[in-house]
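In what follows, a single structure is set out as structure tokens and then discussed.
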Amino acid sequence: MFVKDLQFINFRNLKRETVHFQTGLTVIQGANGQGKSNFLEAIYYLCQGKSFRTLKESDMVCWNKPYYFLHGNIVFKKRLFKVEVGYELEKKRKVAKINGRLIQKGESLNFSPIVFFVPDDLDLIRRGPEERRTFLDREIGQLSLFYRDCLQRYKKALRQKNRLLKINRLQKKIDRELLVPWNKQITYFGSRILQQRARFLSIWGQLAAHNFHHLFKNDNNEKGNMRLSLEYRPGVSIKTDLMGTLKEIEREMEREISAAEQEESEKGFSLVGIHKDDFSFLMGGKEARRFASQGQQRSAIISLKAAQIQFYSRNFEKPIFILDDIFSELDHTRRKQCFLLFQEAQQTFITFSLDEILDDSFIGQGIPFSLFKIHEGTIKSVI
């Protein structure tokens, strides 16, 4: 998959422009605040129909402008797709089209896979479980309509159950029969979500461990800490080797929900289920959040993102990779090794600030690339 061209009008600070791309590596260079991140956001939005930075459409409209508009051509599964997305402030209306066909409300504009790395991705390690669950749902969901459907149905059942638990807590009584259908849905859909999360984390974890070792293999100071692993911690007591069969997972979820019944009724919300899931980044068996340096944490996230690229390339479609400010706190050697990990992407967009030197991280390795420079929202091709 790759983007052939992109036109933007009134998208954040980007001036009206049409930009043409090649496959492979594209470098966007510019000082801070000139529009590099906005440019990457526009590419992601064209492919996914949503932003990785905000949930508010109005945030993406240029100041004092009535609308924004994006238009581009995407090659996906060897077919060309004309994509148009726009938003009007006054009407609060979003319009999206693919090959001239209007995308209806509830449909998704989802050209996948696409992987991105932004500075906030370090929150995957630093922040709480919700951040990591959101990551799993977004990344697995872009590959599996079944997963997205199960997740939607699970969340609906959970909301209904929590509503009943809250009412029952206030009334100091509980009608258990009303909870039965919602608990059945929670165990049915939750077991399928849990199994998918375990599967993908296991695959990505193995690839990420190999990538992390690659980044630090020549660093004698890191030999004791260079083993990266991802540990899944489901919200139910299931062994994480193969997670058993779906029936086994369902039975365990039913058992734990039943055991927590009294406590749930007292607290007024659900205590058992995949909405309590988490996973950890471990280095040398220790929590990366507590013991790893910022550079090691960044390398762990890079290793995971590279693992996703490798998995998608080998099993689905070669992805687009978007990287914003990736090289902060990475030395020259690590930069060179990073580029070797990203080779399986069909198309890579990466930003540099003006004070960073385009060294031989990729030039010296003979990696072809296109170079654009951006200033005050205007982007120009250099190479």
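The C-terminal residue of the sequence shown carries number 508 in our numbering, and the numbering is unbroken. Just so it is clear, CB atoms sit at the ideal spot from N, CA and C, and this is done for glycine as well.
What are the boundary residues of the beta strand (DSSP E) that residue i is part of?
i    : result
Q472 : 472-477
N293 : Per DSSP, N293 belongs to no beta strand (DSSP E); it is in the alpha helix (DSSP H), 270-296.
F206 : 204-213
I250 : Looking at the DSSP string, I250 is not in any beta strand (DSSP E); the run it does join, the alpha helix (DSSP H), is 248-251.
N198 : 192-201
S354 : 353-358
F236 : Unbroken run through F236: none, as it is neither H nor E.
D184 : From DSSP, D184 is part of no beta strand (DSSP E); its letter is neither H nor E.
D245 : Premise fails: D245 is in no beta strand (DSSP E) and is neither H nor E.
F136 : Element bounds for F136: n/a, residue is neither H nor E.
I504 : 503-506
Got a sec? Which residues, its chain only, sit under 7 Å from residue i by beta carbon, not counting five neighbours each side?
i    : result
C275 : F314, R317, I318
S183 : L214
N157 : S478
N287 : F394, S395
Q462 : H339, L340
R257 : L249, D403, F404
E388 : L396
L371 : S316, R317, Q320
Q471 : M126, F127, T148, K443, P444, I445
N336 : S428, A431, A432, L466
Kindly indicate the opening and closing residues of the alpha helix (DSSP H) around residue i.
i    : result
A384 : 371-384
T259 : 254-266
F164 : 161-173
Look at residue i and residue j and say whether their C-beta atoms are less than 9 Å apart.
i    : j    : result
Y272 : H400 : no
L234 : V200 : no
Y192 : F133 : no
I363 : E386 : no
G266 : R352 : no
H196 : S506 : no
S395 : L290 : yes
A334 : S428 : yes
L171 : V208 : yes
F474 : I445 : yes
E469 : I447 : no
V361 : V397 : yes
L249 : F260 : yes
P493 : G160 : no
I374 : G155 : no
I168 : V220 : no
F436 : I328 : yes
Q331 : A432 : yes
A301 : K392 : The amino acid at residue 301 is misidentified as Ala; the sequence shows Arg. Not a contact, by the Cβ cut-off of 9 Å.
R178 : S162 : yes
P244 : D449 : yes
R423 : L455 : yes
For residue i, which residues in the same chain have their Cβ closer than 8 Å to its Cβ, ignoring the five residues on either side in sequence?
i    : result
E255 : none
C187 : N135, F136, R137, N138, L139, Y193
I426 : F242, D246, L247, L249, I250
N198 : V128, K129, D130, L205, F206, K207, V208
I311 : Y279, A282, L283, K286, M378, I382, S395, G398
In three-state DSSP terms, what is residue i?
i    : result
G225 : coil
L304 : helix
R141 : coil
S311 : Going by the sequence as given, residue 311 is Ile instead of Ser. Helix at I311.
R178 : coil
G149 : strand
S495 : strand
S362 : coil
Skipping 5 residues on each side, what residues in its chain have a beta carbon closer than 6 Å to that of residue i?
i    : result
L367 : With a pLDDT of only 49 at L367, under 50, the local geometry of the prediction cannot be trusted, and no value is derived from it.
Q147 : S495
F497 : I153, I504, S506
I382 : N308, V397
V240 : K430, Q433, I434, P444, F446
E442 : M126
Nearer than 8 Å: is that true of the beta carbon of residue i relative to any heavy atom of the ligand PLP?
i    : result
R294 : Among the ligands in the structure shown, none appear at all, so the ligand PLP cannot be discussed.
Quick check on the DSSP output: what are the complete alpha helix (DSSP H) runs of length 4 or more inside the segment 387-472, in order along the chain?
413-416, 419-440, 457-466, all fully within the segment 387-472.
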